Structure formats: structure tokens, C-alpha cells
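Numbering (the numbering used here), first residue to last: 45 to 633. Some notes on the structure that comes next.
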Amino acid sequence: MKLLKDLTISRKDLADWDHTLQWSRNGTLYFNTSLDITTGQPLYQKDTERNAKSLFHTAEHPLTIDNYMEYEEATTNTFLNSQPTSFIRACRPSRCGDAEYLAVLTNNFNISIHKDKAAVANLDQPGTPPAQRSYHAMEWSPHENVIAAGNEMGEVVLFRLDSATNVISHEATIHLDGCGQQWFTYLCWVGDRIFVTFSDNSVWCITDIESKEVIRLKSASRFKIFDVAFASDRFVTISSSAYLYCFDLVKGTETVIDLPIGHNFYLVPIRDSTTVSIISNLGLVFMVDLAATDPSLAPNQMIRSELENKYKKWNDVWNELGKYETTMSINGVALSPDGYSVAIMYDIERVSLKYIIPSQRHYSIMFIPLCTEWKISPEASGMAWYQTHEIYETAGLQFSNENAAISDDDIEQSFDTNLEFQNYLKHYFEDSRLSQLRFNCFLDNTDVRCVNIFRKLILKYAIAKKDTIQNPIDIACIESLGKALDIPVDISSTETRKLQIKGDFITQTFDFGSGTVDSITSEEGNVWRRCSVSLLPLLTINLKKCPVTGNRVINIDNDKLNNYGWFTRTLLEVCSKRSVYSGISMDTM
Numbered sequence: 045m046k047l048l049k050d051l052t053i054s055r056k057d058l059a060d061w062d063h064t065l066q067w068s069r070n071g072t073l074y075f076n077t078s079l080d081i082t083t084g085q086p087l088y089q090k091d092t093e094r095n096a097k098s099l100f101h102t103a104e105h106p107l108t109i110d111n112y113m114e115y116e117e118a119t120t121n122t123f124l125n126s127q128p129t130s131f132i133r134a135c136r137p138s139r140c141g142d143a144e145y146l147a148v149l150t151n152n153f154n155i156s157i158h159k160d161k162a163a164v165a166n167l168d169q170p171g172t173p174p175a176q177r178s179y180h181a182m183e184w185s186p187h188e189n190v191i192a193a194g195n196e197m198g199e200v201v202l203f204r205l206d207s208a209t210n211v212i213s214h215e216a217t218i219h220l221d222g223c224g225q226q227w228f229t230y231l232c233w234v235g236d237r238i239f240v241t242f243s244d245n246s247v248w249c250i251t252d253i254e255s256k257e258v259i260r261l262k263s264a265s266r267f268k269i270f271d272v273a274f275a276s277d278r279f280v281t282i283s284s285s286a287y288l289y290c291f292d293l294v295k296g297t298e299t300v301i302d303l304p305i306g307h308n309f310y311l312v313p314i315r316d317s318t319t320v321s322i323i324s325n326l327g328l329v330f331m332v333d334l335a336a337t338d339p340s341l342a343p344n345q346m347i348r349s350e351l352e353n354k355y356k357k358w359n360d361v362w363n364e365l366g367k368y369e370t371t372m373s374i375n376g377v378a379l380s381p382d383g384y385s386v387a388i389m390y391d392i393e394r395v396s397l398k399y400i401i402p403s404q405r406h407y408s409i410m411f412i413p414l415c416t417e418w419k420i421s422p423e424a425s426g427m428a429w430y431q432t433h434e435i436y437e438t439a440g441l442q443f444s445n446e447n448a449a450i451s452d453d454d455i456e457q458s459f460d461t462n463l464e465f466q467n468y469l470k471h472y473f474e475d476s477r478l479s480q481l482r483f484n485c486f487l488d489n490t491d492v493r494c495v496n497i498f499r500k501l502i503l504k505y506a507i508a509k510k511d512t513i514q515n516p517i518d519i520a521c522i523e524s525l526g527k528a529l530d531i532p533v534d535i536s537s538t539e540t541r542k543l544q545i546k547g548d549f550i551t552q553t554f555d556f557g558s559g560t561v562d563s564i565t566s567e568e569g570n571v572w573r574r575c576s577v578s579l580l581p582l583l584t585i586n587l588k589k590c591p592v593t594g595n596r597v598i599n600i601d602n603d604k605l606n607n608y609g610w611f612t613r614t615l616l617e618v619c620s621k622r623s624v625y626s627g628i629s630m631d632t633m
């Protein structure tokens, strides 16, 4: 399998030489660079030419970072006041929901939550001692917008973020008895378990968050803990500077495997298997089958051969005569949100004492498939699915037979019109069968089955609630949907059949019983394109566009000229954020 051509990051220095790479649910890459974070924003191109730069656009992501404990408790914590200028030590993107939140940990032990480069909340408990407000590790929940933070008192503090109001609230505090006042160095939240490591290199597991049940997996030692991974909902692997610790939580057994000294090892669990790949920061690659009777290291030919090819190719160009010693450094490893691929950030250079300034730096990111096949999963969203599709170099995700087996009637019957309209619309984006159909838009924009199902579902809800719909624009929207689907709708009246729609520079009158699915002609004789969701005419310049299909939707947040009813307003508020065609975020025009 031929890999994608590497993505490159140039003229940047790294703020963290180990865990510098994150891969978010919507397909965005985050690089912990100095001075500002660098992002790889997902792109859609039908023909990527097997080049990663066709899938990601790299750009700086400057954030305003404040120290909310500056000059507080000066008599008891002078260290916090000695570094007033904050910079980012680590970042973590949220792992669920439509909104993309980014949590950042600073050198002043603050954690702040950002959305679209703006700070929306701080993780703080005013009035508590500085040791309880100073955080050293963090991780998002995989199920909801809850974030765990580890302070200096041996406590894991859970905070809940309300995505509607961006308000953060304290959820719970879990104290790990027996760890003393060790500082957290790492947090890993997998499934319903939270794994934590401390500065004394001990490892603990919170097995039940509700009951706050905690067990110690590994005692303190002098070997630094580098990474923790959880595989097959059963096996815990821990890499240190000398050993690999393997725990079977079902049998309660422990296996210790020697590792080469002087390396930091990243752990990459393989989805739907008991195998974990082990990648060192100096390019060594192994794998271990945790379900084996006697687990041991084995070569990982897939990843190892690709790294060796990159190293050999670089030397063939820049060290043709072999006069210099060269080295490969791995600076970050990130598992894709669906677990089917891995991104490896590396650097190859001559071994020398020469000082290198940031503008001379050059890092490459390679993308490697981990399985023989993949399928759409709820852990990722639209653009991340498309990235996986391109990484696997497949002619298309082969589920045409499965698509044919999906019944429109079965889908419609699974939608409950007794739900609030906003939750009803969210169900559309969360339905796994519709996600499978929506992915066809990435491969072939001619597939209209999914949007027809969407329109039927919207019309079904409108008919069920027609007694509460009185607004003329709502009635015009529903009448247009009925005409597009050739389904009679008994909701219009002579007073609302012809309606004025206001634009930024023009006002037109429309008969919504006429026109086509794509356009409508006003009473004044002008032809207007329709909104792809509400089927209202697009007179406003405040629009959102689907990056995949190019279909346009009214940006209801900026359209203040028309009096929308509850039905159309809710429909546009939800569907102007995520495309009903592809399921990804809409672009503002």
C-alpha cells in the first residue's frame, strides 16, 4: 500500500519534544509549537493526488492565554507569580459533540477552554488553596463534554462544560488515597476508566467514576513513565524508560518486558485486537500481542519498513556519500479519532553541534493505516472519515450492498416526533445508518438519497406539529418541502401562499406553490436559488456553505430582516452549523 506524501511543518520549533501531536474528532491536527499552536485544518478535495497537503491546511492558531492566579496568594506560592507570562505546555481537543473545544495547559498550571481561538472558560475553584487549583495533566471524556484535571493534592477534578452557554461547572473530585501529594504527569481517559501517572512513576486506575473506586496498577519506581494505552477493554500497557508493563484486568495478571534503555516508547493500540504497536522516539518499532500466553516483543514490519524507507530516502538525497552520521527523531504519535490510522511526526538530521534556529526547522508527518480495512464509526466525523478513506488508498468504502439494505421506512420509523425539534434534528446527525449514506457525498456528490430522507423526516415532524405552526415563513418552508417530495401538505392558506422575503438590498414576493427544488421565480420575474435546507429563496448575503457539495444555507444568526417562526429558525440554527449532506461544519461565506 502506497502511503500519502508527508505533510510538512516548516519554520517552527516545538514546545514539547515528546507529545506534540493531537488528532481531533473532526479531523483537525494540533501541533504544540512555539510560540503559538499550529493546526492542520481538514480540507476536502476530490482528487488529493495522494498528498497529505490536500487533506490538511497548516496555519498558526494564536490563543490569548492569561494567568488567572497571577499575584494571588503571594506569600504561599511565589512560583506562580514569578512567571507572569503564560505559554502553552499541552493541548487537548474535545472528543465528542458538534462543537470543537480545545483545552490548553499552561506553564502557570492553568487550564483554559477555547473555541474558535476565543477563551470561553477556565478550570478553577476560587477560594481553594493554590495546590488544589494548580493542574499538571488533563483529558477529555470520550462520552460527553466533561474534562478531568489532576492537581497537586492527588485529586482528579471533573468539570462539566455546557456547550449551549459555554459555562463550566465543578462535577466531582476523586481523591487518590495513598499517593500523598505527588504531582500528576499524565491522564488517559478510555471508556469508563481514567488512568493516571504521578511524579513518583506510580500508575493508578479509576475504575468507576460514580463510586470513585480506585486501584493502583504500578508502584513507584525510578524509571520514568512515558505512555499508557488500553486495548480490547481488558489490557493496560505502560511504557517506561526501561520496561513495558502489561496488565490483564480480567485475570489480574502482570507481565514485565524489557525495553531498550534510553528510549521513550509511544504505545499505539490496534483497533478491535489485543495487539499494541510500540514506537520509540529514535525510530525503533515493535509490537506485542497481549493475549498471548507469554507476551513478548515482535517486529512490526508495517510501521518499521515505512520509517526505514523515509530514513533511507533522506540519506540518498542529503547524505549521498555517507560522510555524515544522521539520526531520525520521533516527536509525536497520534492515533486517529476512529483508531484506524496513526500519524507520526518525525525529523531526520545530521548529528552535529551546529545551532539551528526555528526558521531552519522542518518536521514531517506521515500517515500509516493500522488495519486491513476500516468502517465508519461514531468516534469520528465526516472529514476524519474522508482522511481515513484516503490513507487506506481505497477506491471507495465498499458498503454499497449495505446501503441498499437500508430501508427509508425503517429510518423514518426510528424518529420520534414527540422529541423537541432540536433533539429531533440532532438524531439525524447521530444515526449510524444516515452517517453511512452521508459519506457517499464525499465520494460522489450525485447521491441525493440522504437529503431526501432528511426532507421526509422534516416534513414528518412538521405534519405532526402543524397545529402549532402559524408563522408564514414556516408555512412557506413546509409547503416547499411538500412540493419537492411530491407529498400533499394541507397547511397553507390564501393569506400565506404569497409571501414577501427581505434581502439585504432587495425585497421580493414569492408564490411557494411554484418553482423547482433548486430555484424559484419571484412575482417580479427574477429567478433565485433556494436554501438547500429550508428551500426558502436566497436573497441574503449571510450564507453558510457545505465544503463538500457547495450547497448553501441561510445563516440565521446574521439574518435579522425576516420574521422566522420557531420551525424554520430551529431548522436553520442547527443545519447552518453542520451540513445535512456531509455532516461536517459549514463554512461562512
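By construction, the Cβ of each residue, glycine as well, lies at the ideal position given by its N, Cα and C atoms. Just so we're clear, the structure is a prediction, and the values are computed from it rather than from any experiment.
According to the neighbour-count rule (16 or more other Cβ atoms, all chains shown, within 10 Å of its Cβ), is residue i buried or exposed?
i	result
residue 255	exposed
residue 361	exposed
residue 440	Because the pLDDT of residue 440 is 44, which lies under 50, any placement of that residue in the model is unreliable, and the question is left without a value.
residue 211	exposed
residue 354	buried
residue 483	buried
residue 386	buried
residue 526	buried
residue 380	buried
residue 394	exposed
residue 332	buried
residue 172	exposed
residue 46	exposed
To the nearest angstrom, how far is it from the Cα of residue i to the Cα of residue j?
i	j	result
residue 382	residue 547	43 Å
residue 205	residue 184	11 Å
residue 408	residue 372	11 Å
residue 419	residue 384	9 Å
residue 97	residue 50	8 Å
residue 398	residue 103	28 Å
residue 365	residue 62	31 Å
residue 48	residue 413	10 Å
residue 421	residue 191	22 Å
residue 237	residue 556	54 Å
residue 445	residue 477	For residue 445, the predicted structure reports a pLDDT of 49, less than 50, and the residue's modelled location is therefore unreliable. A value from the coordinates is still provided. Rounded to the nearest angstrom, the two C-alpha atoms are 13 Å apart.
residue 157	residue 135	10 Å
residue 108	residue 214	23 Å
residue 423	residue 313	15 Å
residue 603	residue 632	13 Å
residue 531	residue 169	56 Å
residue 231	residue 178	15 Å
residue 338	residue 330	16 Å
residue 288	residue 357	31 Å
residue 588	residue 615	14 Å
Quick test of your reading: residue i and residue j, contact by CB under 8 Å. State the CB separation rounded to the nearest angstrom.
i	j	result
residue 246	residue 263	6 Å
residue 43	residue 517	Given that the chain is displayed from residue 45 to residue 633, the structure contains no residue 43 and the question cannot be resolved.
residue 155	residue 149	5 Å
residue 322	residue 265	Incorrect: roughly 19 Å between the Cβ atoms, too far for contact.
residue 233	residue 304	Incorrect: roughly 29 Å between the Cβ atoms, too far for contact.
residue 65	residue 327	Incorrect: roughly 16 Å between the Cβ atoms, too far for contact.
residue 258	residue 220	5 Å
residue 89	residue 72	That belief does not hold up - the Cβ atoms of residue 89 and residue 72 are roughly 16 Å apart, past 8 Å.
residue 487	residue 456	Not a contact, Cβ separation roughly 25 Å.
residue 251	residue 269	19 Å between Cβ atoms; not a contact.
residue 561	residue 619	Incorrect: roughly 16 Å between the Cβ atoms, too far for contact.
residue 567	residue 554	7 Å
residue 564	residue 535	So it is not a contact: roughly 18 Å between Cβ atoms.
Apart from the five residues on each side of it in sequence, which residues of its chain come closer than 7 Å, Cβ to Cβ, to residue i?
i	result
residue 151	127, 130, 131, 133
residue 627	425, 426, 473, 479, 482
What do you reckon, are the CB atoms on residue i and residue j nearer than 9 Å?
i	j	result
residue 425	residue 70	yes
residue 227	residue 180	yes
residue 291	residue 298	yes
residue 54	residue 433	no
residue 274	residue 235	yes
residue 324	residue 374	yes
Excluding five sequence neighbours on each side, which residues of the same chain lie with their C-beta closer than 6 Å to the C-beta of residue i?
i	result
residue 688	Not covered by the structure: residue 688. The range shown for the chain is 45 to 633.
residue 410	50, 388
residue 93	none
residue 623	590, 630
Excluding the 5 residues flanking residue i on each side, which residues of the same chain have their C-beta closer than 8 Å to its C-beta?
i	result
residue 32	What is shown of the chain runs 45 to 633, which leaves residue 32 out entirely.
residue 582	572, 573, 574, 575, 596, 598
residue 570	552
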